[in-house]
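Residue numbers (the working numbering): 1 to 305.
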């Protein structure tokens with residue numbers, strides 16, 4: 001591995017969608033949400049500079065999507081502009097794919113996004129994770145949006161506890177009312193946005209606003225990215241439903257305790273196909289038998305279609 005090659009992972013947050021694996025080579029990069037299928041991008045000159053022979057402006061280089069790669073099928077290229085340096089792009093893509101093969105046994109990669117933006121309550125206690133970043137110099141450039149339980153197009157979250165209380169998951173206000181209700185609850189409790197650098201021991205050092213510079217103890221940060229100890233029992237049950245729905249993705253987190261991981265595994269097995277899809281990115285497994293049974297169930301379901 002050269003000094004110019006980097007491999008790491010970052011969380012996909014707000015809404016939380018798991019952990020993204022990234023590999024950077026001198027002339028290419030690859031990323032994958034599951035550690036199996038990788039989007040390959042290569043660095044090349046923009047096509048407009050191939051015919052601008054009279055221009056003294058330096059060529060503009062940027063990343064272009066080149067194809068998809070997986071260990072079994074290899075590289076599947078997508079059509080590229082014929083005026084581009086196809087030979088150079090192909091060489092860069094192959095180098096990147098070769099690097100992916102050498103890194104196969106290191107997946108999942110270590111998370112590097114230790115700078116976190118949280119919405120906090122009136123006491124300054126973190127409620128929900130809004131954004132993460134690996135470089136504090138980029139903090140001011142990030143557009144941090146209010147917390148989202150899921151994408152606007154995702155209608156998958158339905159709370160069993162709300163349904164028992166007669167609260168529909170869809171009505172004339174929209175098709176994802178349980179998710180929207182949770183978003184309102186978080187936003188009504190969150191007073192401001194605060195950036196922290198998470199230290200090795202889990203404590204948070206304030207970045208923006210700095211305040212008095214005192215670190216916040218690790219136990220003040222919700223390990224699953226959302227506060228679970230709400231005052232109301234109904235709210236706690238409601239949030240528990242959401243955590244259970246998100247469990248297959250939350251298992252990709254790398255800082256969970258064994259007890260937290262075991263609790264998530266129990267509910268994640270109810271979503272066998274999603275659990276199987278992200279299995280490669282699980283840093284460890286507590287109940288091997290239950291997880292393997294879920295993977296077998298997922299394979300049978302897919303084979304029956």
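The beta-carbon is built from N, C-alpha and C at its ideal position, and this holds for glycine as well.
>> Let me check one thing: in DSSP terms, what residues is residue 10 bridge-paired to?
In response: Indexing the chain shown from 1 puts residue 10 at position 10. Beta-bridge pairing links residue 10 to 20.
>> For the structure I just gave you, are there three or more beta carbon pairs, one from the region 250–262 and one from the region 11–25, closer than 8 Å?
In response: yes
> Do the region 273–286 and the region 188–201 meet, that is, are 3 or more Cβ pairs less than 8 Å apart?
Replying inline: no
> Can the beta-carbon of residue 260 be found less than 8 Å from the beta-carbon of residue 283?
Replying inline: Indexing the chain shown from 1 puts residue 260 at position 260. Indexing the chain shown from 1 puts residue 283 at position 283. Going by C-beta atoms, residue 260 is not nearer than 8 Å to residue 283.
>> According to DSSP, residue 128 sits in a beta bridge with which residue or residues?
In response: The residue labelled residue 128 in the question sits at position 128 within the chain shown. Residue 128 is bridged to 119, 226.
> Are the beta-carbon atoms belonging to residue 69 and residue 40 less than 8 Å from one another?
Replying inline: As a first step, residue 69 is located in the chain shown; it is residue number 69 there, counting from the start. As a first step, residue 40 is located in the chain shown; it is residue number 40 there, counting from the start. Yes. Within cutoff.
> By how many angstroms is the C-alpha of residue 125 removed from the C-alpha of residue 220?
Replying inline: Along the chain shown, one-based indexing puts residue 220 at 220. Along the chain shown, one-based indexing puts residue 125 at 125. About 7 Å.
>> Using only the alpha-carbon positions, how far apart do residue 137 and residue 64 sit?
In response: Counting from one through the chain shown, the residue named residue 137 turns up at place 137. Counting from one through the chain shown, the residue named residue 64 turns up at place 64. When rounded, the distance between both Cα atoms is 25 Å.
> For residue 280, which of 71, 134, 145 has the nearest alpha-carbon?
Replying inline: Here residue 280 corresponds to residue number 280 of the chain shown, with the count starting at 1. Minimum Cα distance to residue 280 is reached at 71.
> Taking three-plus beta-carbon pairs below 8 Å as touching, is the region 104–120 in contact with the region 156–168?
Replying inline: no
> Which residues does DSSP pair with residue 29 in a beta bridge?
Replying inline: Here residue 29 refers to the residue found at position 29 of the chain shown. Beta-bridge pairing links residue 29 to 24, 41.
>> Strictly by DSSP, which residues pair up with residue 196?
In response: What you label residue 196 is simply residue 196 of the chain shown in a count that begins at 1. Paired residue(s): 116, 206.
>> For residue 101 and residue 19, I'd like the C-alpha separation in whole angstroms.
In response: Position 101 of the chain shown holds residue 101. Position 19 of the chain shown holds residue 19. The straight-line gap from Cα to Cα measures roughly 20 Å.
> Counting Cβ pairs closer than 8 Å, one from the region 143–155 and one from the region 19–37, do we hit at least three?
Replying inline: no
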